[in-house]
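Engineer: The structure follows.
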Amino acid sequence: MARRPRLDMAGFHHIVNRGVARDYVYKCDEDKDKYLEILCKACKTYKVNVHDYCLMDNHYHLLV
Numbered sequence: 872m873a874r875r876p877r878l879d880m881a882g883f884h885h886i887v888n889r890g891v892a893r894d895y896v897y898k899c900d901e902d903k904d905k906y907l908e909i910l911c912k913a914c915k916t917y918k919v920n921v922h923d924y925c926l927m928d929n930h931y932h933l934l935v
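Residue numbers (this note's numbering): 872 to 935.
This is how it looks when you write it as structure tokens:
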């Protein structure tokens, strides 16, 4: 069965992602820097504004 289409609602969205079994997502500060670089490119490509973010070793939060 196909997934229902997502709603596109104006406003803020809180996005959270955690490592599998709460394992580390970022092994070092360079990993976090690389993630932010990729995130910046994706935001420009898809015209998304990140208003705030918090990167921790095993998960992250984005307010978009």
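Just so it is clear, CB atoms sit at the ideal spot from N, CA and C, and this is done for glycine as well.
Considering only the alpha carbon of each residue, which of 910, 919 and 905 lies closest to residue 879?
Structural biologist: Position 8 of the sequence shown, counting from 1, holds the residue named residue 879. Of the listed residues, the one whose Cα sits closest to residue 879 is 919.
Engineer: With 16 other CB atoms within 10 Å as the buried threshold, where does residue 917 fall?
Structural biologist: The count along the sequence shown starts at 1 and reaches residue 917 at position 46. Counting Cβ neighbours within 10 Å, residue 917 comes out exposed, since fewer than 16 surround it.
Engineer: Which of helix, strand or coil does DSSP assign to residue 925?
Structural biologist: In the sequence shown, residue 925 corresponds to position 54, counting from 1. Of the three classes helix, strand and coil, the one that applies to residue 925 here is strand, per DSSP.
Engineer: On the DSSP letters alone, give me the boundaries of the alpha helix (DSSP H) that residue 906 sits inside.
Structural biologist: For the purposes of this step, residue 906 is identified with residue 35 of the sequence shown, where counting begins at 1. From DSSP, the alpha helix (DSSP H) with residue 906 extends over 900–917.
Engineer: Let me know the secondary structure DSSP gives residue 887 once reduced to three states.
Structural biologist: Taking the sequence shown and counting its residues from 1, one reaches residue 887 at position 16. Strand at residue 887.
Engineer: Tell me the DSSP bridge mates of residue 934?
Structural biologist: Walking along the sequence shown from the start, residue 934 turns up at place 63. DSSP output for residue 934 lists 885 and 923 as bridge partner(s).
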